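All remarks here apply to the structure that follows.
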């Protein structure tokens, strides 16, 4: 495989290539003592190659459950997920080396040093030059000073950068991020966002990020999926959403959707 | 980085197994109390039972005829216990560090992970039992290595049984969460009375003997006593131990894979932790 050409401008929505992520009628029901709970309800969407897509929604909207199913660590009750044209239910291992994931809620082993953690994952992802890749990432993410420190002893910002380094080890074509800047100070959060922008511009990677940070989504995302109660209730470019709801910020749009009985798109669909 | 730096993902990769062994080795080498603890209990047990052995040798004909029988038994019992614990503890390390979510979004396959757990269990068992076995020489002038080839066969069967127990315990923890963590420390000891570690199976009541003969460990310890007392290798006991181990390992792998599948259905791989 040759190096991917930089694709800094537009997402690749060519009909000849399957989208980076294709989700059809994805559903997840959990059996609980109080009865079955539907966390994700027949969700369908597509994410174009090279795009940055935001997954918005309040707590319990189904964002993390959706991401878990995209990654294959949670099996859907019904529906289908394809990543880079590969059916995740049947051939998940064919594509796992081409994607990666980072979340502040799934940690790396605390007692291993940063270098040890990245080395282990470098081997798991089948890198041929693990030492060099770890060194390069440490330089890029300003981690060189911490390489020999236990991961558990780092600050929140440092841990986030380590988690990002782990997620970028294999230079993934599809990167799933669950709240990548949660609990970070504004300076560190801005640094992470700039890094992600540069990464996408350099590699043409597809990024799907779940976030509660609306300015972050406005800044980074080409497209936004809004989830509520397990469903995708609206979708569009940030500017389209602002126009559709007649709002100045995505935060206001989010509040409109969160507080509305029936979001605008659902009303439109019902009218059709 | 060029994308050629990532090699294709094969169905089975010794390198991924090695990566996981490296992960557990980093953890072990980074903590001298953990390393010390590996050898501590086998050594204390060996010394304790060695002196009981020595005392009883002067007052009990049965023990006197079999020099070092209790020392051998205690060391081999530790192989079973450490074998099981080695698998369970490495798994629990992932639970404690909430790392399962990262591991299983990587190309690592469950079978490769199992092999790494077994490899670490073997390493931990050897690190624990070999120093204790060597210390038996200056303390009691007894070498368990004098058992020769049978020792290797006994070792292999006991550690296999330990791995089977460890896999079932992992499946139970995946199913019931960290509330089942204590199983890792108690399950093997529940089998000690019927494994006939320090006495013949014949001592047990009839109905319990039937239970004992269903365990590879009882056959191994009967075989051990045959070697020590009669200088004879009981191949029938060995065959039973191997057959039972094959059966239990197949069942344990099935239980583990089912438990892992159910964990993916319930979302337990991302939600585990203290």
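Residue numbers (UniProt numbering), protein chains in the order written: chain L, 1 to 272; chain S, 1 to 274.
Beta carbons: idealized from backbone N, C-alpha and C, even for Gly.
Bear in mind the structure is a predicted one, so any value in this text is a computation, not a measurement.
Comparing alpha carbon positions, the residue from L:59, L:154 and L:130 closest to residue 171 of chain L is L:130.
The beta carbon of residue 74 of chain L sits closer than 6 Å to the beta carbons of 68 from its chain, once the five residues preceding and following it are set aside; these are given in chain order. Residue 54 of chain S has its alpha-carbon roughly 46 Å from the corresponding atom of residue 175 of chain S.
Non-local beta-carbon contacts of residue 42 of chain L in its own chain, meaning distances under 6 Å to residues more than five positions away in sequence, involve 25 and 27 in chain order. Residue 175 of chain S: not part of any beta strand (DSSP E); member of the alpha helix (DSSP H) spanning 149–176, first to last residue. Under the Cβ distance rule, residue 265 of chain S counts among the residues neighbouring chain L, one pair being separated by less than 8 Å. Here residue 121 of chain S is near residue 87 of chain S, since their CB atoms are less than 8 Å apart. Non-local C-beta neighbours of residue 107 of chain S in its own chain, meaning closer than 8 Å and more than five positions away in sequence, comprise 9, 13 and 16, ordered along the chain. Counting along the chain, residue 127 of chain S sits inside the alpha helix (DSSP H) bounded by residues 110–140.
In this structure residue 84 of chain L does not touch residue 36 of chain L by the C-beta definition: roughly 32 Å separates them, more than the 8 Å allowed. Residue 97 of chain S sits away from residue 24 of chain S, with the two beta carbons spaced by 8 Å or more. Residue 78 of chain L sits exposed, since fewer than 16 C-beta atoms from the chains shown fall within 10 Å of its C-beta. In the three-state reduction of the DSSP assignment, residue 36 of chain L falls in the strand class. Contact with chain L is absent for residue 33 of chain S, since none of that chain's Cβ atoms lies less than 8 Å from the residue's Cβ. Contact annotation: residue 225 of chain L and residue 232 of chain L have beta-carbon atoms nearer than 8 Å. Between the stretch 169–183 of chain S and the stretch 249–264 of chain S there are three or more C-beta pairs closer than 8 Å, enough to call the two in contact. Around the beta carbon of residue 138 of chain L, 16 or more other beta carbons lie within 10 angstroms, which makes this residue buried. Apart from sequence neighbours up to five positions away, the residues of its chain that approach residue 188 of chain S with a beta-carbon distance below 8 Å are 80, 81, 84, 85, 162 and 165, ordered along the chain.
Secondary structure note for residue 214 of chain S: it is in no beta strand (DSSP E), with a DSSP letter that is neither H nor E. DSSP lists L:177 as the bridge partner or partners of residue 102 of chain L. Taking C-beta atoms as the reference points, residue 99 of chain L and residue 179 of chain L fail to come closer than 8 Å. In this structure, the alpha-carbon of residue 191 of chain L lies about 35 Å from that of residue 80 of chain L.
Contact annotation: in the stretch 80–110 of chain S, residues whose CB is within less than 9 Å of a CB in chain L are 93, 94, 96, 97, 98, 99, 100, 101, 102, 103, 104, 105, 106, 107, 108 and 109.
Counting C-beta atoms within 10 angstroms of its own C-beta, residue 205 of chain S has fewer than 16 neighbours from the protein chains shown and is therefore classed as exposed. Within a 10 Å sphere around the beta-carbon of residue 251 of chain S sit fewer than 16 other beta-carbons, which makes this residue exposed.
Residue 154 of chain S and residue 186 of chain S have their C-alpha atoms some 22 Å from each other.
Shown here, residue 33 of chain S sits in a helix according to DSSP, grouped into three states. The beta carbon of residue 19 of chain S falls within 8 Å of a beta carbon belonging to chain L, placing the residue at that interface. Non-local C-beta neighbours of residue 213 of chain L in its own chain, meaning closer than 7 Å and more than five positions away in sequence, comprise 181, ordered along the chain. Within chain L, the C-beta atoms nearer than 9 Å to that of residue 26 of chain S come from 109, 111, 112, 113, 116, 117, 119 and 120, in chain order. If you draw a 10 Å sphere on the C-beta of residue 148 of chain L, you find fewer than 16 other C-beta atoms in it, and that means exposed.
When the five nearest sequence neighbours on each side are left out, the beta carbons in the same chain lying within less than 8 Å of the beta carbon of residue 166 of chain L are those of 100, 102, 108, 117, 118 and 121, in order along the chain. The Cβ-Cβ distance between residue 110 of chain L and residue 157 of chain L does not fall below 8 Å. By alpha-carbon distance to residue 151 of chain S, the top candidate from S:124, S:138 and S:225 is S:225. Scanning S:123, S:40 and S:73 for the CA closest to the CA of residue 52 of chain S turns up S:73. Within the stretch 74–140 of chain L, the complete alpha helix (DSSP H) runs of at least 4 residues fall at 88–91, 114–124 and 130–140.
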